[in-house]
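Contents: one structure, followed by commentary.
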Ligand SMILES: Cc1cc2nc3c(=O)[nH]c(=O)nc-3n(C[C@H](O)[C@H](O)[C@H](O)COP(=O)(O)OP(=O)(O)OC[C@H]3O[C@@H](n4cnc5c(N)ncnc54)[C@H](O)[C@@H]3O)c2cc1C
């Protein structure tokens, strides 16, 4: 697989470490009344779909940026690559 | 129903009479409108479950629904290693139970599964690894399994070509389980299928489950590509497709599906008497009776349902092999393939009821589920028949993640691709 890194261009997927579903960006609120249940679901339950999946890839052997890659788990086709930083900020994180 | 018994005498008789007396090993029945118990998934675990339900737990009116052909999933794609060399209490009694069932299996289901207890050797390359393997060996002994620490001289006697002198990762010893070994994986599916069919189980192929009919918290049956089929109890055993199937019951599982590749070299003269695993990288290898080296290593590492892997993992696995067996570099790679693993969040399986009445689940086998096949089938049958977990499978519950009771052999945490 080739991941088209937004800053570096096409890179071999072997340079990256896969870090799971990009929903992990949505960390629950630790002060919420339902925090225990929320963190259990956040930590352990996954949609694990067959088809399009937004996921985190860490450029460990590269520039060490985190990416959100939209990839099809049935065909391994990649349709979109974004910096995880941009995705998280767009959601209002780390303002 | 096939009642024919296989034996050496039968083979000779058929050889002399033109092989006209063989009958199909199982029927090809039409699905009935309803059953007492439906098992979804005609892999090793589903077929073993049906077999033990009929044979050991006196259950009747059972069907196995398989979306393709039986044995086309992981049971026919794995590297066939069986062993019971686990460390943790939740696991080791279960895997030792499984190994004991393997030891009697061919007689039990009257089928030649080529079970070969040729032994498994885990190589040790550092002092820390020796400590860890001594601890593991002791845990195995405590649970009634066999384990022996081998010195380099003992290893040299069995595997003279291993470099114990000046290798990049020097071999410092090994943990051996002599009762471990390999099995003809397809024959396991076929043997269980034939044994189940002869006890009245309907094995229905080309029948994909597309949904569940759930009313007031009770599962009444399954929607399939061949229409609705009702059942009092439904057991799901679809391995890599677990999340996909259970999402039809609005369940999210503690699992990711990952691809694992396997490799076979061209046939060689006998060179490797047992199963050997490399401890400084991830590489395991055995030699099939046809002579091919059968080997594998790590997962590709990303969610996949593609049943095929990518080249970086091929390179990584072959590098692991070359590090420990440089001579194998001369053998050509004949074929390779991938299978989809139900990687759980702690690397251990689940055999449990769901919160929906009548709906039961078996999955999360990661890449170690082949060796578990007999015990998984037995324990799932126990759960389905008696509504209580089998004594060796009491830890395999859904709620262990919520309660902090993970069974994490490698101590990797909730990162499925590291287990
Ligand atoms: C390359 C590789 C190497 C491995 N090596 C080893 C090893 O050395 N030792 C070991 O112990 N384990 C090993 N494993 C793991 C082991 O093969 C699996 O854990 C085990 O086979 C899974 O259980 P199963 O046999 O029931 O799965 P499968 O054979 O995959 O059975 C599941 C079945 O469910 C069917 N199904 C899916 N969805 C539906 C649906 N909606 N409706 C109807 N049917 C459906 C599928 O078609 C499939 O036939 C390996 C796996 C792979 C891929």
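Protein chains in written order, with our numbering: chain W, 1 to 95; chain R, 1001 to 1419.
The C-beta atom is built at its ideal place from N, Cα and C for all residues, glycine as well.
A quick note: this is a predicted structure, and the numbers were derived from the prediction, not measured.
- Excluding residues up to 5 positions away in sequence, 11 lie with their Cβ nearer than 6 Å to the Cβ of residue 5 (chain W) in the same chain.
- C-alpha of residue 84 (chain W) to C-alpha of residue 31 (chain W): approximately 25 Å in a straight line.
- Looking at R:1232, R:1145, R:1162, the one whose alpha-carbon comes closest to that of residue 1039 (chain R) is R:1232.
- The C-alpha of residue 1020 (chain R) lies about 7 Å from the C-alpha of residue 1014 (chain R).
- DSSP lists W:46 as the bridge partner or partners of residue 1253 (chain R).
- When the Cα atoms are used, residue 1164 (chain R) and residue 1254 (chain R) turn out to be separated by approximately 42 Å.
- In summary, residue 8 (chain W) is exposed, with fewer than 16 beta-carbon neighbours lying within 10 Å of its beta-carbon over all protein chains present.
- Take residue 1199 (chain R), set aside five residues on each side of it, and the residues of its chain with a beta-carbon closer than 7 Å to its own are 1054, 1055, in chain order.
- For residue 43 (chain W), the chain R residues whose C-beta falls within less than 7 Å of its own C-beta are 1414, listed in chain order.
- Taking 8 Å as the CB threshold, residue 1312 (chain R) lines the interface with chain W.
- Only 1345 from the segment 1338–1362 of chain R bring a Cβ to less than 7 Å from some Cβ of chain W.
- For residue 1216 (chain R), the closest Cβ of chain W is not nearer than 8 Å.
- Residue 1109 (chain R) carries a helical assignment under DSSP once its states are collapsed to helix, strand and coil.
- Residues of chain W with a Cβ closer than 7 Å to the Cβ of residue 1244 (chain R) are, in chain order, 50.
- Taking a 10 Å sphere around the C-beta of residue 1066 (chain R), we find 16 or more other C-beta atoms and assign the residue as buried.
- Shortest gap from the CB of residue 1078 (chain R) to any heavy atom of ligand 1: under 7 Å.
- Residue pairing by DSSP places residue 58 (chain W) opposite W:17, W:66 in a beta bridge.
- At the C-beta level, residue 81 (chain W) and residue 3 (chain W) come within 8 Å of one another.
- At a threshold of 7 Å, residue 1415 (chain R) does not count as near ligand 1, since its beta carbon sits no closer than that to any of the ligand's heavy atoms.
- It is roughly 34 Å from the alpha-carbon of residue 1277 (chain R) to the alpha-carbon of residue 53 (chain W).
- Within chain W, the residues whose beta carbon sits less than 9 Å from that of residue 1256 (chain R) are 20, 21, 46, 48, listed in sequence order.
- In terms of beta-carbon proximity, residue 1302 (chain R) lines the interface with chain W, with at least one pair separated by less than 8 Å.
- Neighbourhood of residue 82 (chain W) in chain R, by CB distance below 9 Å: empty, with the nearest CB roughly 17 Å away.
- Not one heavy atom of ligand 1 sits closer than 7 Å to the Cβ of residue 1274 (chain R).
- The straight-line gap separating the alpha-carbon atoms of residue 1234 (chain R) and residue 1082 (chain R) is approximately 28 Å.
- A residue is called buried when at least 16 other Cβ atoms come within 10 angstroms of its Cβ; residue 1327 (chain R) does not meet this threshold and is exposed.
- For residue 1374 (chain R), there is no enclosing beta strand (DSSP E); the enclosing alpha helix (DSSP H) has its first and last residue at 1373–1386.
- Exclusion of the five residues before and after residue 1365 (chain R) leaves 1239, 1342, 1349, 1372 as the residues of its chain whose Cβ lies within less than 7 Å of its Cβ.
- For residue 87 (chain W), no chain R residue has a Cβ inside 8 Å of its Cβ, as the nearest lies near 18 Å away.
- Below 8 Å, enough C-beta pairs join the segment 1167–1181 of chain R and the segment 1115–1125 of chain R to call them touching: three or more.
- When DSSP states are grouped into helix, strand and coil, residue 1230 (chain R) belongs to the strand group.
- Between ligand 1 and the CB of residue 1040 (chain R), the shortest heavy atom gap is smaller than 7 Å.
- The residue among R:1176, R:1162, R:1041, R:1184 with its C-alpha nearest the C-alpha of residue 1111 (chain R) is R:1184.
- If you check the C-beta of residue 1396 (chain R) against ligand 1, you find no heavy atom less than 7 Å away.
- Short of 7 Å from the beta carbon of residue 20 (chain W), and not among the five residues preceding or following it, lie these beta carbons of its own chain, in chain order: 55, 56.
- If you compare the alpha carbons of R:1258, R:1079, R:1045 with that of residue 1299 (chain R), the shortest gap goes to R:1258.
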